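Chemist:
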Amino acid sequence: MRILFLTSTFEPLTGGAETYGRLLTTSLAAAGHDVTVVTDGSWLDDLPAGTTEHGCRVLRLRRFAGEVDRRDKVVWRQLQYALLNELGDALDGETFDVVHANSHETLQLGLPVAEDQRAALVASLHEQNPDLEAFGAGRCRLAYGVLPVDMHIAASRFYHERAVRYGATPDRLRLVYHGVEGAPAAPGRAQARAHLGLPADGPVVTCAGRLYTRKGQVHLADAFGKIRAAHPDAHLLLAGRVSDFDYARDVFDRLGAAVGDGAVTHHEDLTLADMPTVFAASDVAVQPSLEEGLGLAAIEAMQHGVPLVASDVVGLDEVVQDGVDGLLVPARDPDALAGAVLRVLGDRALGGHLVEGGLAAVAGRFSVEAMRDATLDAYEVARENRRGR
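Counting in the working numbering, the sequence shown runs from 80 upward without gaps.
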């Protein structure tokens with residue numbers, strides 16, 4: 080099968096949509112399919128415009144960024160079509176069986192390509208709350224109920240329910256959980272901590288995720304003082320880039336003395352390849368989110384054998400079975416969060432039980448192979464849907 084995968088962001092950026100894109104396309108290529116990834120290269124001049132990565136051809140488009148402000152062109156028209164024109168030049172007449180859009184904006188880009196080639200159009204829309212943006216309800220009705228999308232792939236119940244709410248029909252909608260690849264060899268604890276600049280001794284509490292409101296790090300910051308009261312040598316590792324600078328300042332202000340004491344480390348330049356090191360250095364992983372589409376960072380913690388504490392919210396309650404493969408606590412409750420972390424740190428048997436349950440959950444529900452196979456099945460149905468319209 081010839082697959083065109085359109086994604087606004089791709090490696091080396093990290094995040095749920097980026098990880099999904101890389102793992103899916105890599106697994107499809109490894110299974111013998113011809114995969115072309117097209118993404119934005121305007122912000123990374125040092126990366127080649129065209130290369131082969133993980134068995135996929137990757138095209139990073141840049142020319143469009145300089146076309147928008149040309150005074151000899153109609154600016155609004157350039158906003159709409161400069162990227163499409165560059166994509167056409169880059170593909171140079173190639174045809175595809177499936178055009179897979181990884182976001183709302185790439186769905187708009189992929190639609191004319193799929194229609195021109197009579198290819199199946201597939202969408203996996205990862206945006207958390209597009210319906211809250213300007214004209215968001217109309218945008219969602221357009222994506223799910225109006226545009227001729229042959230298959231929507233929803234990563235969780237959260238996305239599946241939104242797709243149904245805005246018009247997706249059962250014959251054009253599949254629930255396919257994100258997968259995580261088998262855990263690569265990780266460094267030892269001492270080596271991992273040294274690499275990340277963490278103390279050799281004492282418990283390390285890790286939160287992997289971008290710093291912004293929905294991720295709930297302010298509540299972890301409030302909880303960390305209680306954790307340090309019981310474990311004065313505890314250290315907090317925040318692993319993720321800043322998406323809201325005001326919010327990040329609030330997080331560090333709340334951490335207060337812990338920052339001054341050197342008990343907090345923040346790494347915002349990590350890639351997917353660094354995560355085994357992050358988790359090897361950790362004693363407990365915390366996901367204090369207020370909501371998630373699907374808690375991919377929680378799945379990664381389970382995959383790497385780290386006991387997990389997470390908020391009992393949509394997108395995490397679908398991943399974590401309380402007391403089986405993690406502990407769930409009410410969102411926005413620093414006392415409950417601190418209490419759960421202290422339970423894990425103080426009870427080796429509990430920690431071991433959660434690790435065992437987490438590894439089993441990943442192997443059974445969240446493998447890359449399961450994601451790839453379910454996606455290929457969805458592609459075949461999408462092609463049938465395409466032939467029927």
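From the three backbone atoms N, C-alpha and C, an ideal C-beta is built for every residue, glycine too.
Predicted, not measured: the structure shown is a model, and the values here were computed from it.
(1) Would you mind working out which of D340, D414, G431 sits nearest H383, comparing C-alpha positions?
(2) Using a 10 Å radius around the Cβ and a threshold of 16 neighbouring Cβ atoms, would you call P409 buried or exposed?
(3) Are at least three pairs of beta-carbons, each pair with one atom in the segment 323-334 and one in the segment 299-313, less than 8 Å apart?
(4) Between the segment 342-349 and the segment 255-271, do three or more beta carbon pairs fall short of 8 Å?
(5) Between the Cα of R289 and those of Q366, R244, E260, spot the shortest distance and give me the residue it belongs to.
(6) Starting from the N-terminal side, write out each stretch of the alpha helix (DSSP H) that is 4 residues or longer and does not extend beyond the segment 156-220.
(7) I'd like the span of the alpha helix (DSSP H) that includes F303, first residue to last.
(8) Looking at the secondary structure, which residues open and close the beta strand (DSSP E) in which R139 lies?
(9) Over what stretch of residues does the alpha helix (DSSP H) that includes H274 continue unbroken?
(10) Ignoring anything shorter than 3 residues, give me the beta strand (DSSP E) runs that lie fully in the segment 359-425, in order along the chain.
(11) Tell me where the beta strand (DSSP E) around E132 begins and ends.
(12) Who are the Cβ neighbours of C135 in its own chain at under 6 Å, not counting the five residues just before and after it?
(13) Quick one: what's D113 bridged to in DSSP?
(14) To the nearest angstrom, how far is it from the Cα of E184 to the Cα of N164?
(15) Distance check for V137 and Y99, CA to CA, integer angstroms please.
(16) Of the residues R451, A360, P209, which one's Cα is nearest the Cα of L275?
(17) Excluding the 5 residues preceding and the 5 following A110 in the sequence, name in chain order all residues of the same chain whose CB lies nearer than 7 Å to its CB.
(18) Quick check on this structure: which residue in L221, A262, G95 has the alpha carbon closest to the alpha carbon of N181?
(19) Return the residue from the list V201, D168, Q159, Q157 that minimises the CA-CA distance to D176.
(20) Taking the alpha helix (DSSP H) that A337 falls in, what are its first and last residues?
(21) For S106, which residues of its own chain have a beta-carbon under 6 Å away from its beta-carbon, when the five flanking residues on both sides are left out?
(22) Identify, in the order they occur along the chain, each residue of the same chain with its Cβ nearer than 7 Å to the Cβ of E370, setting aside the five sequence neighbours on each side.
(23) If P209 sits next to R218, beta carbons under 8 Å apart, how far is it from one beta carbon to the other, in whole angstroms?
(24) Name the one or two DSSP bridge partners that D119 has.
(25) For D414, which of V399, S390, L429 has the nearest alpha-carbon?
(26) Pop quiz: F358 and A352 are said to be a contact at Cβ under 8 Å. What is the actual Cβ separation, rounded to whole angstroms?
(27) Do D119 and T88 come within 8 Å of each other at the CB atom, strictly closer than that value?
(28) Whose CA, out of F84, D323, A380, lies closest to the CA of A262?
(29) Pairs of beta-carbons, one from the segment 242-249 and one from the segment 323-332, closer than 8 Å: are there three or more?
(30) With distances taken Cα to Cα, identify the nearest neighbour of L38 among E206, H205, Y223.
(31) For L407, tell me which candidate among T356, P386, R427 has the shortest Cα-Cα distance.
(32) Please work out which residues of its chain come closer than 6 Å, Cβ to Cβ, to D124, disregarding the five sequence neighbours upstream and downstream, and give them in chain order.
Modeler: A quick look at the data gives this:
(1) Of the candidates D340, D414, G431, the residue whose Cα lies closest to the Cα of H383 is G431.
(2) Under a 10 Å Cβ-count criterion, P409 is classified as exposed, with fewer than 16 other Cβ atoms of the shown protein chains found around its own Cβ.
(3) Three or more Cβ pairs closer than 8 Å define a contact, and the segment 323-334 meets that threshold against the segment 299-313.
(4) Contact between the segment 342-349 and the segment 255-271 is absent, because fewer than three Cβ pairs lie under 8 Å.
(5) Of Q366, R244, E260, the residue nearest in Cα terms is Q366.
(6) Those alpha helix (DSSP H) runs which fall completely within the segment 156-220 and span 4+ residues are 183-196, 215-220.
(7) Taken as a continuous stretch (DSSP letters only), the alpha helix (DSSP H) holding F303 covers 296-309.
(8) Looking at the DSSP string, the run of the beta strand (DSSP E) that includes R139 is 135-140.
(9) It spans 268-275 - the alpha helix (DSSP H) in which H274 sits, taken as one unbroken run.
(10) Counting only runs of 3 or more, we get 363-366, 387-390, 406-408.
(11) 129-132 is the span of the beta strand (DSSP E), which, as asked, contains E132.
(12) Within the same chain, C135 has close Cβ partners T104, A108, V114, V116.
(13) R81, per the DSSP bridge assignment.
(14) Between E184 and N164, the C-alpha separation is close to 15 Å.
(15) A straight-line Cα-Cα distance of about 15 Å links Y99 and V137.
(16) If we check each option's Cα against that of L275, A360 comes out closest.
(17) Around A110: R451.
(18) Out of L221, A262, G95, G95 has the C-alpha closest to the C-alpha of N181.
(19) Residue V201 is the option with its Cα nearest to D176.
(20) From DSSP, the alpha helix (DSSP H) with A337 extends over 336-339.
(21) Result list for S106: V447, R451, in chain order.
(22) The residues are R293, V392, V393, G394.
(23) Contact flag correct, Cβ pair sits at about 6 Å.
(24) Paired residue(s): L140.
(25) Comparing Cα positions, the closest option is S390.
(26) Here F358 is actually not in contact with A352; their C-beta atoms are around 12 Å apart, not less than 8 Å.
(27) In contact: T88 and D119 (Cβ atoms closer than 8 Å).
(28) In this structure, A380 is the residue among F84, D323, A380 with its C-alpha nearest to the C-alpha of A262.
(29) Because the criterion of three Cβ pairs below 8 Å is not met, the segment 242-249 and the segment 323-332 do not touch.
(30) The first residue shown for the chain is 80 and the last is 468, placing residue 38 beyond what the model contains.
(31) Taking the Cα of L407 as reference, the smallest distance to any Cα among T356, P386, R427 is reached at P386.
(32) Only residues of its own chain outside the window of five on either side were considered, and among them none has a CB closer than 6 Å to the CB of D124.
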